[in-house]
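Undergrad: Residue numbering for the sequence shown follows my numbering, starting at 162 and increasing by one per position.
The structure that follows is given in the form of structure tokens.
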Amino acid sequence: MLDRSLREVTIPEMQGKICLGCVHDGSWLLMLDEATSDCFLLSVASARAKIPLPPLRLASEYKGTCGVLGSPPNFTVVIASHPESDDRYSLLCCRPGDGSWTDLLAGSDDAIKIDADVVAYAGKLYASTTSGDDLVAIDVAGGGVVRTQLLRTGKEAALRGTHVSHLVESCGDIFAVRIDFFGIRPFDGVVIRIVVYRLDLSDWVWRRVESIGRDRAFLVSGDYALSCSAAAARLQGNCVHLVWSSCDRERLYKYCLDDMTITFDQILPEPTTPTCRAYWVVPTV
């Protein structure tokens, strides 16, 4: 990131595996061997530590994001999965040592249809809904689901194009990063605007903000968004750093909230694909 240079390394633990996403502020990757269903967390930046998880039969037609509640060794991994044959997501959870994954939403109200975007906050999981108007608060310990109405006051309409949104937990707050782009679908077009909102927990309203913190950086790639220390990651603070497969190349966008400007660099000569997505990895200090 310092000089935008590209270097390749071979990591034996990742060979022949699929990366399902980054968790725990980008310090761990969730890895899957489709041939054997072997699933584990891998810390690339910390002596390549591995934490085994129950076998995961997540076929290629599934898609989703993952999150972690708590810290190793006492934590819970949650995956939002969505088979093409169904019109709703499932929330699969497990703890290290479990023999299998458990669906948190099994037997819940069929009217609750969560989206892929999930974030851990204050011991609970929060997921956006397909309607876009609500958040679903999920108590992982008890498996209960509480539906909370969210007002959309303060969110502007997209600029003549389409948009995607990501939930981010940062320093005790929940943020939403909205990305407006020109194109038929995400990662095919060009980013034209990035807006950040903070959830006001006093009245459950999204409010647009001009700062996420001087030492905070939001890192976005694919279906994932996370917050990290800008100093630890050696990035500019109060910025959103976005990996985006724009048109015929892979771009790294930087949205600076100080002056509301967007700049970008080309980091790969060709765009990545959903099955070969670029993910952020943040070294621990």
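Note that CB positions come from ideal geometry on N, CA and C, so glycine has one too.
Could you please give the first and the last residue of the uninterrupted beta strand (DSSP E) stretch that includes A394?
TA: That residue, A394, is in no beta strand (DSSP E); its alpha helix (DSSP H) goes A391 to A394.
Undergrad: What does DSSP give as the partner residue(s) for N235 in the beta ladder?
TA: S232, per the DSSP bridge assignment.
Undergrad: Near D186, what residues of its chain come up, given a Cβ to Cβ distance below 8 angstroms and the 5 sequence neighbours on each side ignored?
TA: Closer than 8 angstroms at Cβ, skipping near neighbours: L387, S388, C389 and V443.
Undergrad: Quick one: grab the DSSP three-state call for E411.
TA: strand
Undergrad: Select from R339, I275, A196 and G284 the residue whose C-alpha is nearest the C-alpha of L380.
TA: R339
Undergrad: Would you kindly work out how many angstroms separate the C-alpha atoms of Q397 and A391, rounded to a whole number?
TA: 6 angstroms
Undergrad: For T314, count neighbouring Cβ atoms within 10 angstroms of its own Cβ and tell me buried if that reaches 16, exposed if not.
TA: In this prediction, T314 scores a pLDDT of 47, lower than 50, which makes its location untrustworthy; no coordinate-derived value is stated.
Undergrad: If you follow the beta strand (DSSP E) that G323 is part of, which residue opens it and which one closes it?
TA: Here the sequence assigns Thr to residue 323, which means Gly is not the residue at that position. Counting along the chain, the unbroken beta strand (DSSP E) around T323 starts and ends at T323 to S331.
Undergrad: With 16 as the cutoff for other CB atoms within 10 Å, does S331 come out buried or exposed?
TA: buried
Undergrad: Whose C-beta lies closer than 6 angstroms to the C-beta of L203 among residues of the same chain, with five residues either side of it excluded?
TA: E174, L190, M192 and K211
Undergrad: Helix, strand or coil for P173? Go by DSSP, reduced to three states.
TA: helix
Undergrad: Can you tell me the Cα-Cα spacing of C437 and E431, whole angstroms?
TA: Whole-angstrom Cα-Cα distance: 12 angstroms.
Undergrad: Between Y287 and the rest of its own chain, which residues show a CB-CB distance below 6 angstroms, the 5 nearest in sequence each way excluded?
TA: V280, L296 and A298
Undergrad: Quick check: what's the CA-CA separation for Y358 versus L418?
TA: 12 angstroms
Undergrad: What residue does the beta strand (DSSP E) around L217 start on, and which one ends it?
TA: Here L217 belongs to no beta strand (DSSP E), and DSSP marks it neither H nor E.
Undergrad: Alpha carbon to alpha carbon, how far is D300 from G284? Give it in angstroms, no decimals.
TA: Straight across, the Cα-Cα distance linking G284 with D300 is about 7 angstroms.
Undergrad: Go ahead and label S198 buried or exposed: buried means 16 or more other beta carbons lie within 10 angstroms of its beta carbon, across all protein chains shown.
TA: exposed
Undergrad: Taking C-beta to C-beta, are P215 and W262 nearer than 8 angstroms?
TA: yes
Undergrad: If you compare alpha carbons, which of G374, S382, R375 and D376 is closest to S326?
TA: S382
Undergrad: Write down the C-beta distance between Y414 and V352 rounded to the nearest angstrom, noting that I regard them as a contact closer than 8 angstroms.
TA: 5 angstroms
Undergrad: If I measure Cβ to Cβ from I179 and keep anything under 8 angstroms in the same chain, skipping five residues before and after, which residues do I get?
TA: M192, L193, D194, E195 and T436
Undergrad: Taking all protein chains shown into account, decide if T226 is buried (16 or more other Cβ within 10 angstroms of its Cβ) or exposed.
TA: buried
Undergrad: Who are the near neighbours of F343 in its chain, counting only those whose CB is closer than 7 angstroms to its CB and skipping five residues on each side?
TA: G322, G350, V351 and I353
Undergrad: Measure from the alpha carbon of M421 to the alpha carbon of each residue in A394, Q427, D376 and R369, then state which is nearest.
TA: R369
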